[in-house]
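First comes the structure, then the notes that go with it.
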Amino acid sequence: MGNVNNKVILRAVNLNKIYDNGQVQTHAVKDVNFTVFEGEFIIILGPSGSGKSTLMNLIGGMDQVTSGELYYHDQAVHTFTKKALSKYRRDTIGFVFQFYNLLPSLNCYENIALTAELSKRAMDVSEIIEHVGLTGWERHFPSQLSGGQQQRVAVARAIVKSPEILLCDEPTGALDTETSVQVLQLLQKINRTLKKTVIVISHDTELLEFADRFFEIRDGRLTEREMGDVV
Ligand code: ADP
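If you're matching positions, the sequence shown starts at 265 in this note's numbering and goes up one per residue.
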């Protein structure tokens, strides 16, 4: 909790997302309210189909809200055009996904460098590689790396562009328990040393020990829980 300050970085007020395909409406996120402070490590826990990815897409600017308000510092993200959302996404958010999403034809170094080239505020690629514990593996291709190592490359790629927020969707979903803990330890290190706000979305209660605070999402509704609520 050492680097959490009292500045609000994200705030949602009565956030809703309804998917409408013309025939069926799905109310995936229902009147969600939350506040996240700079430097926090937040976990959002929920079963499959509860609205986790939908909420992550809203926070990450990958989709537009149906109603309600979402603020990043003092910026009203819910009013952003698609172009403004894309800039917000590029400049502010680093994404980590369950299945790593690495480019198979690029090696470890190149996967990270590709993202660095797209950013004006990129960190040094070799420094990031050292930070995530992959020094010596630079020339290896994703298929030559373990799942845990591939996720380290994905984490490095997410942070190399210096985003303020790291959004991780089921980052350990494809990993065994021991490797999952190592990936969470890495995210915790990034949270503490690089001062990133980290939001992890997961169904795995084992990860809760890493969180400053956690929320539960069920049927689209988000509730903050106390650490003792889940054993
Ligand atoms: P989770 O990530 O917790 O598994 P999702 O956010 O993917 O949950 O899904 C929440 C609900 O919204 C589900 O009922 C799902 O079927 C529905 N849903 C998700 N994405 C879409 C979409 N693009 N179009 C229509 N319904 C969707």
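The beta-carbon is built from N, C-alpha and C at its ideal position, and this holds for glycine as well.
None of the values given here were measured: they were computed from a predicted structure.
| Check | Outcome |
| --- | --- |
| Short Cβ contact (7 Å threshold) for Asn269 with Gly303 | yes |
| Minimum length 4: unbroken alpha helix (DSSP H) runs contained in the stretch 311-382 | 316-323, 346-356 and 372-381 |
| Beta bridge counterpart(s) of Ile308 as assigned by DSSP | Ile465 and Phe479 |
| Contact test: Ser314 Cβ vs the ligand ADP heavy atom, cutoff 6 Å | yes |
| Cβ neighbour criterion (16 or more within 10 Å) applied to Gly400 | exposed |
| Local conformation of Asn455 per DSSP, three classes | helix |
| Near the ligand ADP: Ala292 beta-carbon under 6 Å from a heavy atom | yes |
| 7 Å Cβ cutoff met for Thr436 and Ser444 | yes |
| Coarse secondary structure for Ala276, derived from DSSP in three states | strand |
| Where the alpha helix (DSSP H) containing Ala292 begins and where it ends | Not the alpha helix (DSSP H): Ala292 falls in the beta strand (DSSP E), residues Gln289 to Phe301. |
| Outcome for Met320 when other beta-carbon atoms lying within 10 angstroms are tallied against a minimum of 16 | buried |
| Distance cut-off 6 Å: Tyr283 Cβ against heavy atoms of the ligand ADP | yes |
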